[in-house]
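Below is one structure, written out as structure tokens; the observations come after it.
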Amino acid sequence: MTVYQATASAPVNIACIKYWGKRDTKLILPTNSSLSVTLDQDHLRSTTTSRADPSFQKDRLWLNGEEEEIKDGGRMATCIKEMKALRRELENKDSSLPKISGYPVHICSRNNFPTAAGLASSASGFAALVASLAALYQLPTDASRLSLIARQGSGSACRSLFGGFVA
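With the working numbering applied, the sequence shown covers 123 to 289.
Structure (structure tokens):
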């Protein structure tokens, strides 16, 4: 039996100049630019493992060991849906690929720092989520493309996909 699973991590980023307001609330596009610094993953990171399996009944998420609800139409559901759609595009182009885009996913994410402590845990969490799903689905995408999806989970997640200073 083939196991479809991948793990990725993403660092915390700290905004030096934070954006204010959104010009597009669906895509979470900021009104103005921002500047952030990405911290070293050795110290502050989110690590996410995603697994797709036909025996799973539905998409599920565990955050720091506690199951969290994935709300229909919510930020998490949106990111998962977008990533499955990218995989489905590949499957439609190449009939030899396994059809894992239709499998439910189980996602386990852990932060090695306190969640909801002002350290951008949602940013690193959504960046790690999208990176792990991209690896799971073997998507030929770059950080810029992934940032468009991660941003829909957390407006700052796009900055955690890049290193160093990010505008």
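By construction, the Cβ of each residue, glycine as well, lies at the ideal position given by its N, Cα and C atoms. No experiment lies behind these values; they were computed from the predicted model shown.
Practice item. On a CA-only basis, which of 226, 243, 228 is nearest residue 234? Give me that one, please. Key: Of the listed residues, the one whose Cα sits closest to residue 234 is 243.
Exercise for review: Please confirm if the segment 201-209 is in contact with the segment 255-271, defined as three or more CB-CB distances below 8 Å between the two stretches.
Suggested key: Yes, they touch.
**Study point:** From 251, 281, 271, residue whose alpha carbon lies closest to that of residue 131
**Key:** Of the candidates 251, 281, 271, the one whose C-alpha sits nearest the C-alpha of residue 131 is 251.
Review point. Since residue 245 contacts residue 281 with CB under 8 Å, what's their CB separation in whole angstroms?
Key: Here residue 245 really is in contact with residue 281; their C-beta atoms are around 7 Å apart, less than 8 Å.
Check your understanding: Any idea if residue 201 is buried or exposed, counting beta-carbon neighbours within 10 angstroms, 16 or more meaning buried?
Key -> Around the beta-carbon of residue 201, 16 or more other beta-carbon atoms lie within 10 Å, marking it buried.
Review point. For the putative contact between residue 197 and residue 228, defined by C-beta atoms under 8 Å, what is the C-beta separation to the nearest angstrom?
Key: Contact annotation, residue 197 with residue 228: C-beta distance approximately 18 Å; criterion of less than 8 Å not satisfied.
**Study point:** residue 129 and residue 160 closer than 8 Å at C-beta
**Key:** No, these two residues do not count as a Cβ contact at 8 Å.
Exercise for review: Enumerate in chain order the residues of its own chain whose CB-to-CB distance from residue 190 is below 6 Å, with the five nearest sequence positions on each side excluded.
Suggested key: Contacts found: 183.
Review point. With 16 as the cutoff for other CB atoms within 10 Å, does residue 288 come out buried or exposed?
Key: Counting Cβ neighbours within 10 Å, residue 288 comes out buried, since at least 16 surround it.
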